[in-house]
Each structure stands twice: as structure tokens, then as C-alpha cells.
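Protein chains in written order, with our numbering: chain A, 1 to 428; chain B, 1 to 428.
Where is the CB? At the ideal position from N, CA and C, for every residue including glycine.
Heads up, the thing below is written out as C-alpha cells.
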């Protein structure tokens, strides 16, 4: 008999139907037994009455995979108002070993190390499922928004001969006896591809050999990258970022609304225009020394609260970051090269996105590298692109796991990463 | 003035409009000069007449980026029936250096080494743009088809502690002083995630330290992976693959039709059911020794022609490959364990996809590894998943670059890869 998803049983009331899934929970109440089956769509209750064989339940431990044919019966007391009665149960797996946590409970009360050690099984918990579905919907929304804006998706190499950001925090690979690196970002390639398609994006892994063990850093994460040409300045980049964020939120609402509700995710409103403050003014606002080259986490939190009060916005773009703290390809602020046409986007007081305008003239690159005392040699094939005509352009990068972590207010980014990699962890 | 894309100029006839793009070509014919501008949407011709200043053209070498304001004028002789007259031309970049090939010519007649060395600029050629747009549309179609079928997108780690396929052809990474590997496929993770979402896919890079220099192998490529639970056997996997392929073709038709036409791509019809032949019968058909464990390229070509004649199909699935040539997780053929429930999909006589049913019982994995004399230790966190209840499942992996190469009948997969990586090449 063809399988019916648990959420589609209502269309088969009073008929026989087959559901397939995991034994989510089993319970015996006197002469009646209940089996809750979980499939990708939801849950269904199976009832074994007086005339059914209850002994088979011994073999049907939680997480065992089964096929259950039964009569779809209305019962206002059952979850969803339906249950399967007079069941015929066929195991599809061996009896499952006891899971590392009770997956049927409403919340997954495990410590982070236990969760990470047993991630392959614990991601089955419905709150974890929902968490990842927010991530998946976000990526989908990101792509859809940029597709609509005429962007082309690209797939750039992760094995590179030169590290993107001056060689810090880079993993080295034995590449047929030579030394290669894992790309810390698709930065150079997405710029190159602006020369081809004007507007490009990539959603893929990036690699950072982060030597610090923090709740916000991973050695590998999913970066949502975009880059576009023919801009006036970084504000055009911010406008595209706004549309990407709006697309992400609206795809969660359209495709993962129940998941967001289940885990109490708090979806932001993306304002028509993201409020912006200059770095210099941000320092003043938080009472920091005007010579500070960066914002401390406390400052960011403070600014997030301010944006909430001042603009009713969860988002605040801080623009104009000092040149000294930005990579060499960053475009200076016209008229005052101490500052740059770059921004960080704070989301609820935490940095979510870094973006900005890049240099687009070859001679500007030569000058920028010379001023930093860096040789051009390692960058030559990248720099050559700018000798062949590049438009004013800019872009941004958004960390997927950080985004999801903020949506569900996770205390650690590892809670929103399928199989996180860090200083200590390389498995599962 | 707001920018108008070259393909939207028709809406501004007899008005002033601004186009922005690259100088595709410049020509002087007596007192008239022509400038063709290329943007992401197409080309537009700009005409400098008797009263215009032609000297500025000296600075406008091919590939220089410009902004051109002009009057949109109908001219049946102009490409697209329109041209910009009385232009005001503003360079947005420095005058571009001479490109490594004439990008305005209809085809890019460069040798492969020249193309690869100068890829950042040569991908600008319209046939190369079109080639990649086929790839991008294919990925989009793949995702859309699987989204519709209830699949969840996943992002699995590329840094792994254990190599997927017995340690051959794997890149090693210095991981904080320990040894890590680059994932050769998301195989283990996509199976694990079937336990969570039943149906999952991933589109991302995979890494193979291929020691051979062939026209069909890369050290890094984009793998389109899917895996699904609650199947009867590998034929259910093949049915999903069919829908994915149909989605890829139809998204090319919808979103990259002009590109396909420009480069003369030949799009396949995806039959309602992909014809299937057993490996044993395939050997007999091509007259090979029945003890052969694999198909030679010649055999595949022959089978492709046979499928074309017999079924009018560009696709042929060869099922039942010998267990000795398949990885340990492959499900045997019920009743005859010499064969397996796995398949290769030939597309026009070349292998495009490998797929099949996997083992789903823990004890089967123990037995399979023991029979091959392999220890279970390195796989333990993967194997544990099967102790906790896994449904019958299977999946497939399709190499994006191979797919595109077949569509355009490329002689080398490197022609369809943005920045290929191989034994010799790590840049650009």
C-alpha cells in the first residue's frame, strides 16, 4: 500500500492507510497501547486495543523504523484529531538502541558537549529539525531574492594557492606535494566574476583556522556571499543586502512558519531602509575613545539597543570603519581616507554581515598594497583582473549559522551548525 | 541618470538613456565610429557621428568600463534594431589592457592552457558566460525539483576526521596540528541526515586527489547530492534522479534558453522512465567477458548508442554493478549478492551519475566491513547512526561540470569549470 504522510491522513478518514516513520514514543495504559510515529511531516498516533497483539511493542523501541497500516479514525483526543486503529506494524529496521536523549520530549535538554557528540541522532529532535529548517529556508530565500535581482550563482574553488586575507588563520593542504590553502572566503573570485556577470552570489563553505574557542566562531561555516558591479558606493550594497535579508525572512515565513513557531524563533522585520550610523558617531554614542579602531562587543550591544529605541529596528549598519581595520581591497571614503566605504551590519547588537565597496582600479590596488608594505606577487592573477576593466563594485558576506543563532537566540553557534568544526572538534 | 540595461532600451526610444558596461568593440568607419557596449543582459551599439569627439575613443580600449548617456534611436541596421546616438561617454575604469583574446569575436579560439591561465578575463566571452549560465540554471533546477519533492537542503562539513572512501585519493589538511581530510563526498553525512529529514540534498564542493591527468577528472568539483529514505530499492532513487534531471533541463529552458541557443547546447529529452539494463546484460550486449567487474569507456559509448537506437533515449541506467566494485555501504541485490542495488547513469554514453540503495541495518554494516577486512573504528560515529533506526534508503551524486560538459559537447571538463583544480593547476 502506498505510503501516506502523517500530515495527509485526514484525507483518508475511515480508510486503511500506511504511514512509515520512526517510533517516536510508545506507552501502555492498561489494556491500550499507544505508539506515536514520526515522519518528515509530523506525528501520528497508533492505537493498539484489546484485540491487538501488544507483545510486538517490546521490539519497537523508540527510534525503530516501522511501517504501520491502520484504519484512519477520528478521535478528538488524539493529537491532530486522528489516530490509526487496528494496526498492522512491520519493522523496517532492527530494534533501535536507546537514543542518547529522549527525543519525544518537547525540549532537548542536553549539554552542548553531549549534543555535539551525538549530533547524528540528536538532530532528529523536532526542535533541532526546526532549527535547521530555518537555516535551509534562509538560504533558499537568499538565493531567490538575488535571482530576482539578476544575480548569477557561482561556484568558486575552495582549494587556493594564495590565502585571501594575508595568511592569518588559514588551513594548509598537502596538494600533490605542494602547499595549498583552504579559501577563507570567495572574496577574490566573486570580485573577478563581477567582471563576467556584474552580479554574483555564492552559498558555500569557508574555512578559518580560528585559534580561539568562542561561542561565535567556527573553523568551517556557510558563507552567503554576494558581489555587484556598477554601484555608486557601499550604500548600494547595503540596499541589496536589505533585499536579501527580507527574502530570507519571507521564505522562513512561507516555508518554515511552523518550525519558527515550534522553537519560538523571533523573526525580525526588515525595515524599508536599514538605519545607518558612521563609525565615528557610533564610537561617540557609546562613549568610546575616538581613536578606537574597532567596536567592542559591549559597544555593539549598546548600539543594537539604541537602534531598537531610535528606529524600532533590529538592524543597524555601522559604516565608515577605519581603513586600518579593513582589508587592502576596501574602498576609502571619498574625501577622508582615514575611513572606508565599508560597513558592518549589526543584528540585535551582534555583527552579522561585513560588506562594502572595493577598489576597482589596478593602480589603486598597487598603491594600497604598497602602503601596507605587502608584495603584489601572491595576488597577481587576481590583480590582473583589474587591469582589464572592472566597474565600481562591492559586496557582502553573511554567516548562515550566526543568522540562525540570532533568530533562535542560541547561546552558542554550534547549536545551529549541523556538524561544527572547531579547535577541538573534527567529528562526527 | 538611472542606468538602463541594454536589453531594456526599447522602452526608451527617442529618449535619453544611460547604459553602463564594458567596451565590447570599437570601430571607425570614415567619419563615424561605433562602440559596442556589453552589460550583463546583452549588447548595445553607440554611434559617434560627425559632430562627436572621436578622439576620446583612443582611451576607450576594449574592456574599459564606461557609462554612456545617449539618445535611443531606431536603426534597422543596428544589432537589436536600436542604437545610442549623440553619446556622452564617461569612463568608469582606467583604459583596459589588451585582453588575452579578442572577446568580441563570436567564438573564443584559444587553446585550453591559454584559456585556463587567463580565465578571470576569458570567462567574460559570451560563449563562456553562456556555458556557466547553463550550469547555474541546472543547479537551480536541481534544487527546485527536490524542494518540490519534500527534500531539505543540508550543508555538511568538508573538513572530516575520516576519509569517506577507504583513504584513496584524499587530501590531507593540517588541522590545528592534527591530520584532517577534505571530504570526497557528503556520503556519510547525507545518510545520517536521512535519519533526520528523510529526504536531503546538498550542492557543494567535493575534493579528490586525482593523481591522473584526464579530460574528465578534477581535484575539486561541484557535486549535486541527494539521499532519500523509505525506498523499496534503487529504482526509487532512479525515479527521483529522473525528476531532478527533468528539473535541470526545464530550468535551462526557462532561464537560460538564449544561452543554450548561443552556444548550440543540445538539451536532452528526459524520458518518463529512464531505460535500465542490468550490468550482466550490458556486458553481454557489448560482447565483453562476463567476468569483467566494470565497463570500459568504449562499452559505455556503445551502450549509449544502443539506448539511443533502442529507446530514443540519451540516458541509460546500468544497474546491478558487481559488489566488488562498489563501496561497502552498497546494498546487495536481493537473492544474488554478487550484484548490487546500485546503478550508473550513462548520459550520451558517458557516466554522469552514480547511485543506489545503501545498507540500513547496523549488523549489515558490521558484516560488510568484516568481509572486506576493514576495521569499524574509523567509521564508528557514522555506524552508530544505524544502531538508532534508519529506514531503507539510497541516493545519488551528479557532477555538475560533467553535466555541463556533455550539454555543450566539451572536449575537456575544464572548459565548464570556473577555476579548475588538478594535478598541475592551483591558480587562478
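Who are the neighbours of residue i on chain B, taking C-beta pairs under 9 angstroms?
| i | result |
| --- | --- |
| residue 115(A) | By Cβ distance, chain B contributes nothing, its closest Cβ being about 14 angstroms from residue 115(A), past 9 angstroms. |
| residue 261(A) | What residue 261(A) touches in chain B: nothing, since even the nearest Cβ is about 18 angstroms away. |
Any idea if residue i is buried or exposed, counting beta-carbon neighbours within 10 angstroms, 16 or more meaning buried?
| i | result |
| --- | --- |
| residue 29(B) | exposed |
| residue 209(B) | buried |
| residue 1(B) | exposed |
| residue 4(B) | buried |
| residue 380(B) | exposed |
| residue 58(B) | exposed |
| residue 13(B) | exposed |
| residue 11(B) | exposed |
| residue 238(B) | buried |
| residue 264(A) | exposed |
| residue 336(B) | exposed |
| residue 340(A) | buried |
| residue 272(B) | exposed |
| residue 342(A) | buried |
| residue 312(A) | exposed |
| residue 225(B) | buried |
| residue 324(A) | exposed |
| residue 281(B) | exposed |
| residue 377(A) | exposed |
| residue 284(A) | exposed |
| residue 185(A) | buried |
| residue 177(B) | exposed |
| residue 43(B) | buried |
| residue 113(B) | exposed |
For residue i, which residues from the same chain have a beta carbon less than 7 angstroms from its beta carbon, with the 5 sequence-adjacent residues on both sides left out?
| i | result |
| --- | --- |
| residue 107(A) | 127 |
| residue 215(A) | 411, 412 and 413 |
| residue 262(B) | 126, 127 and 130 |
| residue 120(A) | 428 |
| residue 67(B) | 18, 20, 90 and 92 |
| residue 197(A) | 152 |
| residue 401(B) | 218, 221, 222, 413, 416 and 417 |
Along chain B, which residues have their Cβ under 7 angstroms away from the Cβ of residue i?
| i | result |
| --- | --- |
| residue 362(A) | 94 |
| residue 311(A) | Per Cβ cutoff of 7 angstroms: no residues; residue 311(A) is ~27 angstroms from chain B at best. |
| residue 189(A) | 419 |
| residue 388(A) | 63, 96, 97, 99 and 121 |
| residue 192(A) | 120 |
With a CB to CB cut of under 6 angstroms and the five nearest residues on each side skipped, what residues in its chain are close to residue i?
| i | result |
| --- | --- |
| residue 213(B) | 423 |
| residue 140(A) | 251 |
| residue 420(A) | 218 and 414 |
| residue 279(B) | 318, 320 and 321 |
Which residues in chain B sit within 8 angstroms of residue i, going by Cβ to Cβ distance?
| i | result |
| --- | --- |
| residue 1(A) | Those within 8 angstroms of residue 1(A) in chain B number zero; the least Cβ separation is about 12 angstroms. |
| residue 20(A) | 230 and 391 |
Which residues of chain A have a Cβ atom closer than 8 angstroms to the Cβ of residue i, listed in chain order?
| i | result |
| --- | --- |
| residue 381(B) | 120, 427 and 428 |
Which bits of chain A does residue i rub up against, with CB to CB less than 9 angstroms?
| i | result |
| --- | --- |
| residue 392(B) | 65, 92 and 93 |
| residue 385(B) | 120, 121 and 428 |
| residue 220(B) | 157, 158 and 159 |
If we cut at 8 angstroms on Cβ distances, does residue i have a partner in chain C?
| i | result |
| --- | --- |
| residue 40(B) | The structure shown contains no chain C; its protein chains are A and B. |
Can you list the residues of chain A that residue i reaches, using a CB-CB cut of under 7 angstroms?
| i | result |
| --- | --- |
| residue 123(B) | 196 |
| residue 335(B) | Simply none; closest approach about 19 angstroms. |
| residue 300(B) | Chain A residues near residue 300(B): none, gap ~26 angstroms exceeds 7 angstroms. |
Worksheet entry | At least 3 beta-carbon pairs within less than 8 angstroms: the stretch 237-247 of chain A vs the stretch 137-149 of chain A | In short, these stretches touch, since the Cβ pair count reaches three.
Practice prompt. May I ask you to list, following chain order, the residues of the stretch 244-259 of chain B that have a beta carbon less than 7 angstroms from some beta carbon of chain A?
Written response: none
Worksheet item: Taking Cβ-Cβ distances below 8 angstroms as the criterion, which residues of the stretch 196-218 of chain B are in contact with chain A?
Response: 196, 197, 198, 199, 204, 205, 207, 209 and 211
Fill in: Contact residues within the stretch 170-187 of chain B, judged by C-beta distance below 8 angstroms to chain A
171, 172, 173, 174, 175, 176, 178, 180 and 182
Worksheet item: Using Cβ-Cβ distances below 9 angstroms, what residues of the stretch 146-159 of chain B are close to chain A?
Response: Taken in chain order, the members of the stretch 146-159 of chain B whose beta-carbon sits within less than 9 angstroms of a beta-carbon on chain A are 147, 150, 152, 153, 154, 155, 156, 157, 158 and 159.
Worksheet entry | Near-chain B residues of the stretch 411-426 of chain A (beta-carbon distance less than 7 angstroms), N- to C-terminal order | 418, 419, 421, 423 and 426
Practice prompt. State whether the stretch 348-368 of chain B contacts the stretch 281-292 of chain B, with contact taken as three or more CB pairs (one from each stretch) at a distance under 8 angstroms.
Written response: no
Worksheet item: If you pair each beta-carbon of the stretch 326-335 of chain A with each one of the stretch 368-379 of chain A, do three or more pairs fall below 8 angstroms?
Response: yes
Practice prompt. Identify each residue in the stretch 127-140 of chain A for which the Cβ-Cβ distance to at least one residue of chain B is less than 8 angstroms, and report them in chain order.
Written response: 128, 129, 132, 133, 135, 136, 139 and 140
Worksheet item: With contact counted as at least three CB pairs below 8 angstroms, one residue from each stretch, are the stretch 376-396 of chain B and the stretch 81-97 of chain A in contact?
Response: The stretch 376-396 of chain B, when compared against the stretch 81-97 of chain A, does touch it at the 8 angstroms Cβ threshold.
Discussion item. Measuring CB atoms only, is the stretch 52-65 of chain A touching the stretch 81-90 of chain A, in the sense that at least three cross pairs come out at less than 8 angstroms?
Written reply: yes
Item to complete: Anything in the stretch 94-111 of chain A with a Cβ closer than 7 angstroms to a Cβ of chain B? List those residues in chain order, please.
Response: Answer in chain order: 94, 96, 97 and 99.
Worksheet item: Counting Cβ pairs, one atom from each stretch, are 3 or more of them under 8 angstroms apart for the stretch 297-306 of chain B and the stretch 346-354 of chain B?
Response: yes
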